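If you read the first sequence in the numbering used here, its first letter stands for residue 5, the second for the next number, and so on.
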Amino acid sequence: MKYNPQEIEQKWQQRWAADKLYEVTEDNGKPKWYALTMFPYTSGDLHIGHWYAMAPSDVHARFKRMQGYSVLHPMGFDAFGLPAENAAIKRGIHPFTWTMQNIANMRRQLKSIGAIYDWGREVVTCLPDYYRWTEWFFLKLCQAGLAYRAKAPVNWCPRCQTVLANEQVVDGNCERCGTAVIHRDLEQWFFRITKYADELMEHKGLDWPERIKTMQRNWVGRSEGTEISFALDHPGVAEKEIRVFTTRPDTIFGVTFMVLAPEHPLVEKLTTPERKAEVEAYIYRSRHETEIQRLSTEKEKDGVFTGAYVINRLNGRRVPIWTADYVLLSYGTGAVMAVPAHDTRDFAFARKYSLPIEVVIAPPGWQGEELAEAYTEPGTMVNSGQFSGLPSQQGVTAVSEFMEKMGYGKRTVSYKLRDWLISRQRYWGAPIPIIYCPKCGIVPVPEKDLPVLLPENAEFRPTGESPLKYCEPFVNTRCPVCASPAKRETDTMDTFMCSSWYFLRYASPHFDAAAFDPEKVKYWLPVDLYTGGAEHAVMHLFYARFFVKAIRDMGLVAFDEPFTRLFNQGTIIAEHQKMSKSRGNVINPDQYVVELGADVVRAYLMFLGPWEQGGEWDDSGISGVSRWMDRIWSLVLEPYQMKMGASLTERLVECGTTYESTCRDLKRATHQTIRKVTEDIEKIKFNTMIAALMEYSNYLSRVKEMAIVEESEWREAVDTLLLLLAPTAPHVTEELWERTGHSYSIHNQPWPKWDEALVKEEEITLVVQVNGKLRDRITVPASITEAEARQLALDSPKVKTHLAGKDIANIIYVPKRLVNVVVR
RNA sequence: GCCGAAGUGGCGGAAUAGGCAGACGCGACAGUCUCAAAAACUGUUGGGGGGCAACCUCCAUGUCGGUUCGAGCCCGACCUUCGGCACCA
5 MKYNPQEIEQ
15 KWQQRWAADK
25 LYEVTEDNGK
35 PKWYALTMFP
45 YTSGDLHIGH
55 WYAMAPSDVH
65 ARFKRMQGYS
75 VLHPMGFDAF
85 GLPAENAAIK
95 RGIHPFTWTM
105 QNIANMRRQL
115 KSIGAIYDWG
125 REVVTCLPDY
135 YRWTEWFFLK
145 LCQAGLAYRA
155 KAPVNWCPRC
165 QTVLANEQVV
175 DGNCERCGTA
185 VIHRDLEQWF
195 FRITKYADEL
205 MEHKGLDWPE
215 RIKTMQRNWV
225 GRSEGTEISF
235 ALDHPGVAEK
245 EIRVFTTRPD
255 TIFGVTFMVL
265 APEHPLVEKL
275 TTPERKAEVE
285 AYIYRSRHET
295 EIQRLSTEKE
305 KDGVFTGAYV
315 INRLNGRRVP
325 IWTADYVLLS
335 YGTGAVMAVP
345 AHDTRDFAFA
355 RKYSLPIEVV
365 IAPPGWQGEE
375 LAEAYTEPGT
385 MVNSGQFSGL
395 PSQQGVTAVS
405 EFMEKMGYGK
415 RTVSYKLRDW
425 LISRQRYWGA
435 PIPIIYCPKC
445 GIVPVPEKDL
455 PVLLPENAEF
465 RPTGESPLKY
475 CEPFVNTRCP
485 VCASPAKRET
495 DTMDTFMCSS
505 WYFLRYASPH
515 FDAAAFDPEK
525 VKYWLPVDLY
535 TGGAEHAVMH
545 LFYARFFVKA
555 IRDMGLVAFD
565 EPFTRLFNQG
575 TIIAEHQKMS
585 KSRGNVINPD
595 QYVVELGADV
605 VRAYLMFLGP
615 WEQGGEWDDS
625 GISGVSRWMD
635 RIWSLVLEPY
645 QMKMGASLTE
655 RLVECGTTYE
665 STCRDLKRAT
675 HQTIRKVTED
685 IEKIKFNTMI
695 AALMEYSNYL
705 SRVKEMAIVE
715 ESEWREAVDT
725 LLLLLAPTAP
735 HVTEELWERT
745 GHSYSIHNQP
755 WPKWDEALVK
765 EEEITLVVQV
775 NGKLRDRITV
785 PASITEAEAR
795 QLALDSPKVK
805 THLAGKDIAN
815 IIYVPKRLVN
825 VVVR
């Protein structure tokens, strides 16, 4: 009759599945709870990091279920993506086969966790009944005017003739062949996420970590400033101005040069013949740099003079136009007015190329001397015409107003956030449902023709084009409008598209009349608790929020935010590094599950430390949890025998207690534990929740040994232990619940409630200090008054020795805590 | 460089409306059981000093200051580690 996790876990998992115990239904008599864990990518093996993400969130969901909520806690697979295609290229296995094999294995491993996933609701993003709706959302966003085509650079490996993802570019070189990567412009699809920039910066009504909200706000990068026009008069150039964005219009009189991004369309037009060779060489070089390199602070800023000039309208000054790659086309206007005296980058650049540095904001006590470094703080405006003498903060407004009045500029807001580029020159993704017709132009595929199926037999070896381009049966089609021969879009969608709406699909995973059943979505959404790694702090969470806001404005859903509460668990690392297949430090949980049981692995992962913290994987402590589970097994199953008659009397004397007080103590411990465990789960403090359960079971062992209380009271305490432990260790508690004569299933039992009156201590320990140093502890009734407490403290012999010969200056009393006698 | 979080026994970690530092567990040591070992169980376990003894006493939460009757917790400076962002005009 030993605890055999292998046997009981399989037994119960089969029984739960057969009985559909965790089948989810919409029960309008109950409040709903949508608990979502980020679905895994189909990498092939579930490692201990996945367990760390899944097991604790399952515990929380089970807890909510016992509390009487109708709970949706689904699972699925993020199944499109680059690794499948890489595996295909490397090993000649089709991405579909590779992905589905991995899913089969991961599903088996996921089932061993013993979670309440309703597998009937599984979602797999690479299957047509799912990506059909991903395509549908694309069309909806098109209709809403949120999709557009534009040229954008991609990483290009000239040797492999292929587009590379950022992660395939290592130090500016192709990870496969080491060739230097260049940027190449392609016509691609974008979503206008910037339209929602301001709303995305807010997190109204969201219970999210402050950290993540800050990161998202930084990602939007809103900055208020002024767009200023500089007069341009260049032979043969139609443009008569260059506009720059600045947050420091107060420094306008200190502009000594201007810098354009190398990609800026004016660079080519403005460059004078004698400068042409140098400028072109510079542009060519910058094409080779990744954005990371260009933006690196390590790199010395460099650039070249174009030979052209603009006029600063405020002082009529003619300033040279340079081009330098520290200016990005994607931010602001792609042009910067350089004020070397008051900007660190401009200062370094001016020094390097001997450009003038002119002070227009005087630091406190400035005597007209040259600056050793840029002065970026506020100060007094000098050498600034009619603005001289003004404090620079006021100058910002004053100059802007003047600019607006004169028509030289306007106040504006600039965002770091860029529109979402969703085109991927890949095979393994959802097709973009667009047809290019020579007569009608860009034609969306009609909704009734969805899904545009991904052809099975495409050639996905790198060719320099999207793999689908060479799949003629796919490419060649007819225009849905005029029926003339036309061609399909051959790029596929970013996989973040798939994960931007999967939480909606779970509400009605088999609904085939739409992406989701509005009634079901109304019932389940938004997600009440979303858990996952912090690495998705920006991209995934941001895109999903954008999606919801966009479809809300279409009237498809009635809520503003998809995830009400967000919790990020930490990362489990191994050998001081993140676990990954390529590093070969992946810890497979299967061995622990076979040897010690899923319940032990679940509990151990939660016991390790705070969930948000993660940490080094170290199995040296797992035996402690395993032993604990063994002890619970025998604690519950080995018979309880209360002492009777003379031997009871003897025992009471031995323990120095009474029957009544032992019963009261047991009740109190039970109710205190219910409260502690309930509150800890709610606060997601699983490690201390487990510690409280350990303490309680240790206490119950002592109670059992004393054998003073009635068997019925003993049973009640044991039942409570099992109920409190049920979310954490679902299998062993189910087994013990059955063996102690209860009816199936423990997981359908209500969560225990505590009685505040029973939680209260009758006696408390007062700490007595003298001058803040602990001198004695006294046990007193909880109802003690201040006067009594002071007196008892002063009566303490231990305290008296420290008071001898001194004057009492003050006595501090903190109710139920301490008495501090201050002496001099 | 900037932003954020964190530094507590041999180890993972408890403890914040400022109030008993080290819960719970691992490891270690000792004991019980055993021919022996493993497992299990029981006990001890932050450091120094003192006492035959139940005990007494001093020092201890990265470092140095400060506020307070009282600081792991608050304030200032510094050191270290880990995350995130990175020329944003």
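Note that the Cβ used here is the ideal one computed from N, Cα and C, for glycine as well. None of these values were measured; they are calculated from a predicted model.
What residues in its chain sit with their C-beta under 6 angstroms from that of E282, if we drop five residues either side in the sequence? V308
Looking at the secondary structure, which residues open and close the alpha helix (DSSP H) in which Q147 lies? P132 to Q147
Taking DSSP's pairing of strands, which residues face P395 in a bridge? Its beta-bridge partners are T384.
Using CA atoms only, rank isn't needed, just tell me which of K671, E766 and A733 is closest to A721. K671
Is DSSP giving C667 helix, strand or coil here? Helix, per DSSP.
Among residues of its own chain, excluding the 5 on either side of A548, which ones have a beta-carbon nearer than 6 angstroms to its beta-carbon? S504 and P566
By alpha-carbon positions, which one of R706, E284 and A354 ends up nearest to T260? A354
Who are P448's beta bridge partners in DSSP? P448 is bridged to I438.
Residues near H580 in its chain [Cβ-Cβ closer than 8 angstroms; skip 5 each side]: E620
Just checking my contact of A602 with E13 at CB under 8 angstroms: how many whole Å lie between their CB atoms? Contact annotation, A602 with E13: C-beta distance approximately 6 angstroms; criterion of less than 8 angstroms satisfied.
Count Cβ pairs between the stretch 143-162 and the stretch 550-567 that sit closer than 8 angstroms; are there 3 or more? Counting Cβ pairs under 8 angstroms, three or more are found: they touch.
Beta-carbon proximity list for A119, same chain, < 6 angstroms, skipping 5 on both sides: D62
L76: first and last residue of the uninterrupted beta strand (DSSP E) it sits in: S74 to L76
Tell me the DSSP bridge mates of T834? There is simply no residue 834 to check, as the chain begins at 5 and stops at 828 in what is shown.
Out of curiosity, what's the CA-to-CA distance linking V263 and G445? 38 angstroms
With burial defined as no fewer than 16 other Cβ atoms inside 10 Å of the residue's Cβ, what is the status of C161: buried or exposed? Label assigned to C161: buried.
Exposed unless 16 or more other CB atoms sit within 10 angstroms - verdict on M58: buried
Compute the distance between the beta-carbons of V629 and V604, then report whether it is under 8 angstroms. yes
Distance between K820 and I788 (C-alpha atoms, nearest Å): 8 angstroms
In or out: G413 buried (at least 16 other Cβ within 10 Å) or exposed? buried
Once DSSP output is grouped into helix, strand and coil, what is the label at P734? helix
P450: which of Y419, S470 and C483 sits nearest, CA to CA? C483
For S427, write down the residues that DSSP places opposite it in a beta bridge. In DSSP, S427 forms a bridge with M497.
Alpha carbon to alpha carbon, how far is K6 from E714? Give it in angstroms, no decimals. 26 angstroms
M341 - partner residues in DSSP beta bridges: M262
Candidates I256, E278 and E284, of which the one nearest H268 by Cα: E284
L190 - partner residues in DSSP beta bridges: A156
How about V314 and A345: do their beta carbons lie closer than 8 angstroms? For V314 and A345, no; Cβs fall outside 8 angstroms.
Residues bridged to G537 by DSSP? Q573
Once the 5 residues before and after L697 are set aside, which same chain residues still bring their CB inside 8 angstroms of it? T677, V681, L725, L728, L729 and T732
Option in I816, R111 and H540 with minimal Cα separation from M219: Selected option, being the one with the closest Cα: H540.
Pair within 8 angstroms by beta-carbon distance, P513 and R125: yes
Run through DSSP, which three-state label would E767 get? strand
Spatial neighbours of A65 within its chain, please: C-beta separation below 7 angstroms, excluding the five flanking residues on both sides. A39, V75, H77 and I120
Whose C-beta lies closer than 6 angstroms to the C-beta of E739 among residues of the same chain, with five residues either side of it excluded? I12
For S747 and H207, I'd like the C-alpha separation in whole angstroms. Each residue's Cα considered, the two are about 45 angstroms apart.
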